[in-house]
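**Student:** Just so you know, the numbering used here puts 138 at position 130 of the sequence shown, and the rest follows in order with no gaps.
Just so you know, even glycine gets a beta-carbon here, dropped at the ideal spot from N, CA and C.
Below: one structure in C-alpha cells.
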Amino acid sequence: MALTDTATRQAKPQDKPYKLSDERGLFLLVQPSGSKLWRFKYRWQGKEKLLALGKYPDVGLAAARKLRDAAREQLAADEDPGAARKATRQAAKVAAGNTFEGVARAWWAKWKTGRTEGTADGAIRSLEIHAFPRIGAMPITAIGPVDVLELLRKIEAKGSTETLKRVRARIGEIFIYAIANGIATSNPAEGLHKAVMPHTEQRRPALRAGELRDFFVRLDAVRISQPIKLAIRLLVLTFVRPGELRCAQWPEFDLDAAIWTVPGERDRSRGLTGMKMKEQHIVPLSRQAVAVLRELQDHSPGHDLLFPNRNGQGRPISDGTINSALRAMGYQAHEVTGHGFRATATGALLELGFRPDVIDRQLAHRERKQVFAAYSHHAQFLAERTKMMQAWADYVDRLYKGADVIPFASVKRAE
Numbered sequence: 009m010a011l012t013d014t015a016t017r018q019a020k021p022q023d024k025p026y027k028l029s030d031e032r033g034l035f036l037l038v039q040p041s042g043s044k045l046w047r048f049k050y051r052w053q054g055k056e057k058l059l060a061l062g063k064y065p066d067v068g069l070a071a072a073r074k075l076r077d078a079a080r081e082q083l084a085a086d087e088d089p090g091a092a093r094k095a096t097r098q099a100a101k102v103a104a105g106n107t108f109e110g111v112a113r114a115w116w117a118k119w120k121t122g123r124t125e126g127t128a129d130g131a132i133r134s135l136e137i138h139a140f141p142r143i144g145a146m147p148i149t150a151i152g153p154v155d156v157l158e159l160l161r162k163i164e165a166k167g168s169t170e171t172l173k174r175v176r177a178r179i180g181e182i183f184i185y186a187i188a189n190g191i192a193t194s195n196p197a198e199g200l201h202k203a204v205m206p207h208t209e210q211r212r213p214a215l216r217a218g219e220l221r222d223f224f225v226r227l228d229a230v231r232i233s234q235p236i237k238l239a240i241r242l243l244v245l246t247f248v249r250p251g252e253l254r255c256a257q258w259p260e261f262d263l264d265a266a267i268w269t270v271p272g273e274r275d276r277s278r279g280l281t282g283m284k285m286k287e288q289h290i291v292p293l294s295r296q297a298v299a300v301l302r303e304l305q306d307h308s309p310g311h312d313l314l315f316p317n318r319n320g321q322g323r324p325i326s327d328g329t330i331n332s333a334l335r336a337m338g339y340q341a342h343e344v345t346g347h348g349f350r351a352t353a354t355g356a357l358l359e360l361g362f363r364p365d366v367i368d369r370q371l372a373h374r375e376r377k378q379v380f381a382a383y384s385h386h387a388q389f390l391a392e393r394t395k396m397m398q399a400w401a402d403y404v405d406r407l408y409k410g411a412d413v414i415p416f417a418s419v420k421r422a423e
C-alpha cells in the first residue's frame with residue numbers, strides 16, 4: 009500500500025527503528041530519535057543494496073518518489089545508482105580540491121622547463137599579482153567567463169595592455185592544461201580578447217643617436233663588471249635582441265671572418281634562447297665588435313658562453329642583467345632598455361641612407377610585404393649589411409672618442 013503525506017507526517021518514533029513502505033522499493037525509516045529517513049531498496053548483480061534519498065521533511069514524499077524513479081532509470085540503463093552517486097561525490101570532492109591556484113602552479117612547474125629563470129619567475133609573479141587574489145581559491149571547475157573577465161577588466165583599467173595580454177594568455181594555457189588532465193571541461197578564457205581592449209604594440213624606450221656620447225661616459229664611469237660593460241657595447245654595435253646576445257656561445261663566432269651566426273634554436277635546458285623567429289641569422293661584425301669580443305675572451309676562459317652566470321650551472325646571465333646595468337648608469341626604464349638600441353641604430357642608419365629592407369634584414373624582422381618576403385627569403389644582403397654595420401660602428405666609435413659629429417634627428421622606434 010502506498011504511503012500518504014498524512015501517514016508520513018504523523019509517524020511517531022518507537023523503541024526500535026521501523027519502516028513505512030511506499031511502492032517499488034521506497035520506504036521511510038523512522039528512528040527512535042524521531043528522525044525520518046528515505047531509503048530506496050534495490051538489487052544490483054544479485055546483492056541487495058540501499059540508497060539514501062534524504063531526510064523528511066527536507067525531502068517530501070513526492071520528491072522522494074522522483075528520486076526513486078531516477079534511481080530505477082539508472083538501473084534500467086544497467087548502472088548502479090549507489091556507485092554512480094559515489095563517483096559523482098568523489099568528482100566533486102576532487103574538483104573542490106583543484107583550486108585555480110593549485111592547478112596553475114602545477115601547470116607552471118611543467119611550463120617553466122627550458123625557459124629562463126627570469127621568464128619563469130615573471131610568469132608566476134603576474135598570476136600571483138593579478139589572478140590568484142581573485143580566482144586562486146576557487147575550484148577550477150567553478151570559474152566562468154565572468155570571473156576571468158572581471159580580473160582582466162581590473163588590468164584593463166590600469167592601461168596595462170601588455171600585462172593584460174600575458175595574463176589572459178596564461179589563464180587560457182592553465183585551463184587547456186586542466187582540460188588535458190581531466191580536471192576541467194571548458195576554457196572560460198577563450199574568446200575574451202574580444203571583450204577587452206586590443207593589445208597594441210608598445211614602443212620600447214630608446215636613446216637618440218646623438219645621446220650616445222653621454223651614454224658612453226656613464227658606461228665608463230659606472231661600477232659594474234667589465235664583462236657586462238662589454239655586453240652593453242656589443243649590444244650597441246650589433247643591435248641584436250638582448251636575449252640573442254646574453255645566450256651567445258663562442259662556437260657561433262668566426263672572428264677571423266668577422267661573422268656571428270646566431271642559431272634559430274639553442275639548448276633550452278640551459279636557459280639558452282635562439283632567434284625570435286626560430287631561424288638562423290647572420291650578423292656581420294665590425295672591426296670594433298671583433299675587438300670587444302677578443303677582449304671578452306679573456307673574461308670567460310674555458311667557457312662556451314660569452315656571458316656565463318656567476319652562479320654556474322652552465323647558464324647565461326639573467327634576462328634582467330642588462331637593464332639592471334642601465335639602471336645603475338642612471339637611466340630609468342622609460343628612458344632606455346637593452347632592446348632600445350635597435351631603435352637607436354635604425355633611425356641613424358635610415359638617415360645615413362641605408363635601405364629599409366637591408367636594415368630590416370639585419371634586425372631579423374619578419375618582412376612586412378609578401379612580395380618582398382618572397383625575394384628576401386634567398387637574399388641575405390650580406391655585402392650591404394657588412395658595409396652598414398661598419399658605418400654604424402664607425403659613427404658610434406667617433407661618439408665614444410668624443411669627436412664632433414652631426415647629430416641625428418629623433419630616431420624611429422624599431423620593433
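On the three-state DSSP scale, how would you describe ASP262?
**Tutor:** strand
**Student:** Any idea what DSSP makes of LYS74, helix, strand or coil?
**Tutor:** If DSSP states are grouped into helix, strand and coil, LYS74 belongs with the helices.
**Student:** Just the C-alpha distance for HIS373 and GLY348, rounded to the nearest angstrom, thanks.
**Tutor:** 15 Å
**Student:** For the beta strand (DSSP E) containing TYR64, name the first residue and the last one.
**Tutor:** 55–64
**Student:** Return helix, strand or coil for ARG17, following the three-state DSSP convention.
**Tutor:** helix
**Student:** In or out: GLY272 buried (at least 16 other Cβ within 10 Å) or exposed?
**Tutor:** Counting Cβ neighbours within 10 Å, GLY272 comes out exposed, since fewer than 16 surround it.
**Student:** Could you tell me the distance, in whole angstroms, from the CA atom of TYR26 to the CA atom of SER41?
**Tutor:** 12 Å
**Student:** Just the C-alpha distance for ALA336 and VAL230, rounded to the nearest angstrom, thanks.
**Tutor:** 7 Å
**Student:** I need the straight-line Cα distance from LEU34 to THR96, nearest angstrom please.
**Tutor:** 22 Å
**Student:** Can you give, in chain order, each stretch of the alpha helix (DSSP H) that sits fully within the segment 305–385 and has at least 4 residues?
**Tutor:** The DSSP assignment places complete alpha helix (DSSP H) segments of no fewer than 4 residues inside the segment 305–385 at 329–336, 349–359, 364–371, 378–384, in order along the chain.
**Student:** How many Å lie between VAL366 and GLU392 at the Cα?
**Tutor:** Cα to Cα, the separation comes out at about 7 Å.
**Student:** Kindly confirm or deny that the segment 116–126 and the segment 153–169 touch, where touching means at least three C-beta pairs closer than 8 Å.
**Tutor:** no
**Student:** Specify the secondary structure class of LYS5 as computed by DSSP and reduced to three states.
**Tutor:** The structure shown has nothing for residue 5, since the chain only spans 9 to 423.
**Student:** Measuring only the C-alpha atoms, how far is GLU158 from VAL111?
**Tutor:** 20 Å
**Student:** Assuming THR345 and LEU357 form a contact by the criterion Cβ under 8 Å, report the distance between their Cβ atoms to the nearest whole angstrom.
**Tutor:** About 19 Å separates the two Cβ atoms, so there is no contact after all.
**Student:** Secondary structure at VAL38, three-state DSSP: helix, strand or coil?
**Tutor:** Looking at VAL38 - three-state DSSP - the assignment turns out to be strand.
**Student:** Taking contact to mean 3 or more Cβ pairs, one atom from each stretch, closer than 8 Å, check whether the segment 274–284 and the segment 242–256 are in contact.
**Tutor:** yes
**Student:** Check the DSSP bridge columns for TYR26 and list the partner residues they point to.
**Tutor:** VAL38
**Student:** I'd like to confirm the pairing. Which residues does DSSP put opposite TYR50 in its beta bridges?
**Tutor:** Listed as beta-bridge partners of TYR50 by DSSP are LYS57.
**Student:** Could you tell me the distance, in whole angstroms, from the CA atom of SER134 to the CA atom of ALA92?
**Tutor:** The straight-line gap from Cα to Cα measures roughly 40 Å.
**Student:** On the three-state DSSP scale, how would you describe THR269?
**Tutor:** strand
**Student:** Which class does VAL404 belong to by DSSP, given the choice of helix, strand or coil?
**Tutor:** helix
**Student:** Leaving aside the five residues before and after ASP23 along the sequence, list all residues of the same chain whose C-beta is less than 7 Å from its C-beta, in chain order.
**Tutor:** PRO40
**Student:** For THR107, which beta-bridge partners are listed by DSSP?
**Tutor:** PRO147
**Student:** How many whole angstroms separate the CB atoms of ALA297 and LEU227, which I take to be in contact at a CB cut-off of 8 Å?
**Tutor:** Going by Cβ atoms, the distance from ALA297 to LEU227 rounds to 16 Å, so no, they are not a contact pair.
**Student:** Between ASP86, TRP46, LEU61, which has its C-alpha nearest TRP52's C-alpha?
**Tutor:** ASP86
**Student:** Determine the closest residue to SER43 out of GLU31, GLU56, LEU58, ASP66, with distance taken between C-alpha atoms.
**Tutor:** The candidate whose alpha carbon is nearest that of SER43 is ASP66.
**Student:** Could you pull out every residue in the same chain whose Cβ sits closer than 7 Å to the Cβ of PHE261, ignoring the five residues on either side in sequence?
**Tutor:** TRP268, LEU301
**Student:** Between which residues of its own chain and ALA434 is the CB-CB distance below 7 Å, once the five residues before and five after are set aside?
**Tutor:** In this structure the chain extends from 9 to 423, so residue 434 is not present and cannot be described.
**Student:** Would you say GLY279 and PRO324 are within 8 Å of each other, going by their C-beta atoms?
**Tutor:** yes
**Student:** Since PRO235 is in the alpha helix (DSSP H), which residue starts that stretch and which ends it?
**Tutor:** 234–246
**Student:** Determine, using beta carbons only, whether LEU75 and LEU61 come nearer to each other than 8 Å.
**Tutor:** yes
**Student:** What do you reckon, are the CB atoms on ILE290 and LEU215 nearer than 8 Å?
**Tutor:** Cβ atoms of ILE290 and LEU215: not closer than 8 Å.
**Student:** Given a threshold of 16 other Cβ atoms within 10 Å of its Cβ, counted over all protein chains shown, does LEU59 qualify as buried or as exposed?
**Tutor:** buried
**Student:** Under the assumption that LEU243 contacts LEU304 (Cβ atoms under 8 Å), give the Cβ distance between them as a whole number of angstroms.
**Tutor:** Wrong, their Cβ atoms sit about 12 Å apart, outside the cutoff.
**Student:** Note down the Cα distance separating GLY68 from LEU37, rounded to an integer number of angstroms.
**Tutor:** 13 Å
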